[in-house]
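Working notes, structure below.
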Amino acid sequence: MGLVNILKIYKMIKVIDEINGQRLTPVIVPIKLKVYGKIIVALYNANNVQGVNVKYAANFDKNSNDGPIIIGDVIRNKCNALAVIGENNPVPIILNQNFTRCDFTDNEILALKKALS
582 MGLVNILKIY
592 KMIKVIDEIN
602 GQRLTPVIVP
612 IKLKVYGKII
622 VALYNANNVQ
632 GVNVKYAANF
642 DKNSNDGPII
652 IGDVIRNKCN
662 ALAVIGENNP
672 VPIILNQNFT
682 RCDFTDNEIL
692 ALKKALS
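Under this note's numbering, the first residue of the sequence shown is numbered 582, with each subsequent residue one higher.
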């Protein structure tokens with residue numbers, strides 16, 4: 582189980598690196614939340630560049646109140662989260678509440694917070 586999670590984390594870090602610097606489009610992604618000690622894991626499926634449906638995981642620190650931006654209600658650990666996709670990469674990146682998962686400028690972060698409030 583631990584090795585599987587490490588591989589999922591590696592894939593997600595690679596996707597985040599590829600998406601930085603691209604024009605981003607907001608999307609809503611259905612996720613399943615799991616809690617492992619101090620880590621909140623958001624599991625979701627998405628089609629990669631080759632069109633293959635792949636499982637992805639986004640990790641968040643439970644203690645820092647920096648979880649995913651939940652849209653709607655959480656029912657049986659399933660909910661929808663706010664994410665972004667890049668121009669050349671169809672894999673969504675689940676945004677965290679501090680907007681630190683992608684390289685946003687301070688002005689972009691302020692604009693995102695204003696749009697969500």
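All C-beta atoms, glycine included, are put in the ideal place defined by N, C-alpha and C.
Fair warning: this is a prediction, and the values are worked out from it, not measured in the lab.
Query: Based on the DSSP output, what are the partners of residue 661 in its beta bridges?; Result: 611, 652
Query: Note the first and the last residue of the continuous beta strand (DSSP E) segment covering residue 684.; Result: Element bounds for residue 684: n/a, residue is neither H nor E.
Query: Check whether chain D comes within 8 Å of residue 613, counting only Cβ atoms and requiring the distance to be less than that.; Result: Among the protein chains of the structure shown there is no chain D, as only one such chain exists.
Query: Report the option in 679, 666, 697, 648 whose CA atom is closest to the CA atom of residue 614.; Result: 648
Query: As a quick exercise: from 616, 671, 651, pick the residue whose alpha carbon is nearest that of residue 628.; Result: 671
Query: Can you give the Cα-Cα distance for residue 657 and residue 680, rounded to whole angstroms?; Result: 26 Å
Query: Is it buried or exposed, residue 616, if we count other Cβ atoms within 10 angstroms and call 16 or more buried?; Result: exposed
Query: Within a Cβ cutoff of 7 Å, which residues of the same chain sit near residue 663, ignoring the five residues on either side of it in sequence?; Result: 607, 609, 650, 652, 676
Query: Could you name the residues of the same chain whose beta carbon sits closer than 7 Å to that of residue 690, not counting the 5 residues immediately before and after it, in chain order?; Result: 680
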